[in-house]
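Residue numbers (our numbering): 22 to 577.
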Amino acid sequence: MAFLIALLICPSAMAAEKSAADGYQGEYSEKSSEPAQLVLLDRPAIENFYAQRNGEPVWLKGNRLNKRAALLIKAIQNSWTHGLNPETYHWNRIFEITGAKASAGKRLPLKQETIMFFELMLTDSFVRYVRDLSGMRIDAQSLEMEASHWRQRLDTQTVLSLLNDESDFEGLLIRVQPQGATYKALQSELKTLLKKWQDDPEAQLEPIRISGALSPGKSHPEVPKLRRRLGLSEPSKKENSLIYDSKLEQAVKKFQAEKGLKDDGVIGSKTLYSLNQNLLDKIDQVIINLERLRWMPSESASKLVMVNLPSATLWALEDGQVKLEMPVIVGRPKRATLSFRTEITGVRFNPDWTVPPTIQKEDILPKLIDDPGYLVDKGMEIYDGYGKDAQTLDPMTTDWAAMTPGEYKTLRLVQIPGAQNPLGRIRILMPNKHNIYLHDTNDRKLFGRSDRAQSSGCIRLQDPEKLANFILSEREGWSDGQLKKYLENKKTKDIMIPHHVPVYLLYYTAWIGPEGQVVFGEDIYSRDKKLFQELEKINGIFIPNLHNSLVANAAD
22 MAFLIALLIC PSAMAAEKSA ADGYQGEYSE KSSEPAQLVL LDRPAIENFY
72 AQRNGEPVWL KGNRLNKRAA LLIKAIQNSW THGLNPETYH WNRIFEITGA
122 KASAGKRLPL KQETIMFFEL MLTDSFVRYV RDLSGMRIDA QSLEMEASHW
172 RQRLDTQTVL SLLNDESDFE GLLIRVQPQG ATYKALQSEL KTLLKKWQDD
222 PEAQLEPIRI SGALSPGKSH PEVPKLRRRL GLSEPSKKEN SLIYDSKLEQ
272 AVKKFQAEKG LKDDGVIGSK TLYSLNQNLL DKIDQVIINL ERLRWMPSES
322 ASKLVMVNLP SATLWALEDG QVKLEMPVIV GRPKRATLSF RTEITGVRFN
372 PDWTVPPTIQ KEDILPKLID DPGYLVDKGM EIYDGYGKDA QTLDPMTTDW
422 AAMTPGEYKT LRLVQIPGAQ NPLGRIRILM PNKHNIYLHD TNDRKLFGRS
472 DRAQSSGCIR LQDPEKLANF ILSEREGWSD GQLKKYLENK KTKDIMIPHH
522 VPVYLLYYTA WIGPEGQVVF GEDIYSRDKK LFQELEKING IFIPNLHNSL
572 VANAAD
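Structure (structure tokens):
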């Protein structure tokens, strides 16, 4: 296979290394069936790989495909089921050569030199495919995320080293993709949605337009459209056609339950969002969430806490099993909670609250100008500076209206522990530069709402005592009695844990509901839209035609 190495080291035979987005450039000549140009993702790494193999091919035996090649080609053909674009992995060229049925032993009707190019093309396809499955395809900074918190793609050399194991290539292709139940459920949902869309590509939903919330018993001009959407017939009496009656209420409740929504029959923003989703919207949403699921790194810790922001739900896991689930309150859209990973180091009982700069500037200062006694009423103290020697100021004698932005910036507002403290009686210690944490609350009325994006960025817990016990059980001899003792003491106290617990603030707008169904949530912070735009830039969004070469013969 000396010719194979020659192809790699000859600059005139192979284009220089380019980025992943460049993909395959050039066409096969109709007369010669030879490639005019093939761009490798990482030419030096591939050159070194074949040099170490003394030019021995990976995918071909003579002019025939081996079993490994057949498995790779099938994986590339099915890559759309991961929300990936098969064209990124040279699918069009591969299909032109092999046809849809690329079985082991199949003879390739190509000249010797073209066979060598085909060998290199499959290697490059393998590298690109495995890299895309292994982590973030998008620059984390473009999404206002920190790359170090999320799984990054394997480098080319690492991917190529996987080919050194000759024993189980089929298992390798499975191991490089996420193994969780949600990922598999979304793959299945993608196939189902594509089938529905291809059966009726012109089907589009006429939007139901309701301002505010519509409750049972009310009248609204969109009620007939709502009935049609849920498959109900019109009432026998025409004068009742605009009334949200009991039959429609039951249908709405059933719909809400199926979508993982609060099944109260009230048509609010989340129910309306689900009612108005088109198939293509859902297809895009599945692709986006498959992408995000590939960013989740493996965790070796026995305990793990996860918060999904769009569903406003927290899960505490131990040894892979859910031990605790609760609704939470997350940041409202104008003060969105960021997605990141950090570690829980302990629990603070009876915390004080240092007011974040944004809340201090936008919420509290305007109130102080109108009412200097506001801080006194709320049990808050004000300091000129952040050091231990910072001077305490009297809010009643301070001219708040005359204070400059520079002077105001140096102030520190602190709310003492107590009934008025918005952190409640428990704060979970999780150091991070964003000043976002999990905490109790003195205002519990929001937990019953479907729309729980209501905070200023931090995450309020419905049952902080249960989460505190879950975390502090890391301490030998910890008991619920100790927790109650610290709460009743009413003094601020930090209890640290010997082994930190990873915590992830995630953004999944599609997840598995209580009945195992896929639930489509609202893009509360427009992050789906941003990710979609970034994926489009790299040709990363692909919706196949069910009757083309990609899907017609694809494996289930």
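Yeah, the Cβ is synthetic: ideal placement off N, Cα and C, and Gly gets one too.
Looking at residue j and residue i, is the spacing between their C-beta atoms short of 7 angstroms?
{"i": "L527", "j": "N310", "result": "no"}
{"i": "R248", "j": "L269", "result": "yes"}
{"i": "R548", "j": "I350", "result": "no"}
{"i": "L62", "j": "D145", "result": "yes"}
{"i": "D405", "j": "L396", "result": "no"}
{"i": "T530", "j": "Q306", "result": "yes"}
{"i": "I390", "j": "V524", "result": "no"}
{"i": "P107", "j": "I97", "result": "yes"}
{"i": "V540", "j": "G281", "result": "yes"}
{"i": "P393", "j": "I403", "result": "no"}
{"i": "D515", "j": "G289", "result": "no"}
{"i": "Y204", "j": "Y150", "result": "no"}
{"i": "I159", "j": "E555", "result": "yes"}
{"i": "L374", "j": "N442", "result": "Before going on, a small fix: residue 374 reads as Trp here, not Leu. Contact flag set, yes."}
{"i": "K283", "j": "Y265", "result": "no"}
{"i": "L345", "j": "A357", "result": "no"}
{"i": "H520", "j": "E495", "result": "yes"}
{"i": "Q381", "j": "L444", "result": "no"}
{"i": "S232", "j": "V287", "result": "no"}
{"i": "E140", "j": "L81", "result": "yes"}
{"i": "L214", "j": "V244", "result": "no"}
{"i": "Q271", "j": "T292", "result": "no"}
Just to check my reading of the structure: residue i and residue j have Cβ atoms closer than 8 angstroms, yes? What is that Cβ distance to the nearest angstrom?
{"i": "R128", "j": "N84", "result": "6 angstroms"}
{"i": "T513", "j": "P377", "result": "T513 to P377, Cβ: 18 angstroms. No contact."}
{"i": "R353", "j": "R448", "result": "Contact doesn't hold; Cβ gap of about 20 angstroms is too wide."}
{"i": "G341", "j": "G400", "result": "43 angstroms between Cβ atoms; not a contact."}
{"i": "P331", "j": "F468", "result": "16 angstroms between Cβ atoms; not a contact."}
{"i": "E460", "j": "F361", "result": "Correcting the residue identity first, residue 460 is His in this sequence and not Glu. About 17 angstroms; that fails the 8 angstroms criterion."}
{"i": "L164", "j": "K551", "result": "6 angstroms"}
{"i": "G120", "j": "R315", "result": "G120 to R315, Cβ: 30 angstroms. No contact."}
{"i": "V148", "j": "T177", "result": "5 angstroms"}
{"i": "A90", "j": "L143", "result": "6 angstroms"}
Decide if residue i is buried, meaning its Cβ has at least 16 other Cβ atoms within 10 Å, or exposed.
{"i": "A333", "result": "buried"}
{"i": "I518", "result": "buried"}
{"i": "P65", "result": "exposed"}
{"i": "E312", "result": "buried"}
{"i": "T462", "result": "buried"}
{"i": "E557", "result": "exposed"}
{"i": "K505", "result": "exposed"}
{"i": "L296", "result": "buried"}
{"i": "T195", "result": "Per the sequence presented here, residue 195 reads as Ile, with Thr not at that position. I195 comes out exposed."}
{"i": "Y507", "result": "buried"}
{"i": "G542", "result": "buried"}
{"i": "S476", "result": "buried"}
{"i": "Q208", "result": "buried"}
{"i": "T425", "result": "exposed"}
{"i": "Q73", "result": "exposed"}
{"i": "P56", "result": "Low per-residue confidence applies at P56: pLDDT is 48, beneath 50, and the placement is therefore not dependable enough to give any value."}
{"i": "S54", "result": "With a pLDDT of only 41 at S54, under the threshold of 50, the placement of this residue in the model should not be trusted; the figure read from the coordinates follows. Per the 10 Å Cβ criterion, exposed."}
{"i": "R114", "result": "buried"}
{"i": "P565", "result": "buried"}
{"i": "Y45", "result": "Interpretation of Y45 is limited by its pLDDT of 30, a score under 50 that renders its predicted location unreliable; no figure is taken from the coordinates."}
{"i": "T135", "result": "buried"}
{"i": "N99", "result": "buried"}
Tell me, which residues are paired with residue i by DSSP?
{"i": "Q436", "result": "W374, M401"}
{"i": "T334", "result": "N329, P348"}
{"i": "D340", "result": "None; D340 has no bridge partner."}
{"i": "L214", "result": "Beta-bridge pairing links L214 to no other residue."}
{"i": "E364", "result": "P523"}
{"i": "L508", "result": "In DSSP, L508 forms no bridge with anything."}
{"i": "W112", "result": "For W112, which the question treats as bridged, DSSP gives no partner whatsoever."}
{"i": "I516", "result": "V368"}
{"i": "I288", "result": "L235"}
{"i": "K324", "result": "E339"}
{"i": "I449", "result": "V368"}
{"i": "A531", "result": "F541"}
{"i": "T413", "result": "Y404"}
{"i": "L459", "result": "I480"}
For chain C, check one thing: does any of its Cβ atoms lie closer than 7 angstroms to the Cβ of residue i?
{"i": "N299", "result": "Absent from the structure: chain C. Only one protein chain is present."}
**Request:** Let me know the alpha helix (DSSP H) ranges lying completely inside the stretch 242 to 281, each 4 residues or longer, listed in chain order.
**Result:** Runs of the alpha helix (DSSP H) inside the stretch 242 to 281: 244 to 250, 267 to 279.
**Any beta strand (DSSP E) of 3 or more consecutive residues that is wholly inside the stretch 462 to 505** = DSSP assignment within the stretch 462 to 505 yields the following whole beta strand (DSSP E) runs of 3 residues or more, N-terminal first: 474 to 476, 480 to 482.
**Those runs of the alpha helix (DSSP H) which lie wholly inside the stretch 116 to 169 and span at least 4 residues** = Assignment of alpha helix (DSSP H) within the stretch 116 to 169, counting only whole runs of 4 or more residues, yields 133 to 155 in chain order.
**Message:** At 4 residues or longer, what runs of the alpha helix (DSSP H) sit wholly inside the stretch 62 to 109?
**Reply:** Whole alpha helix (DSSP H) segments, 4+ residues: 64 to 73, 88 to 98.
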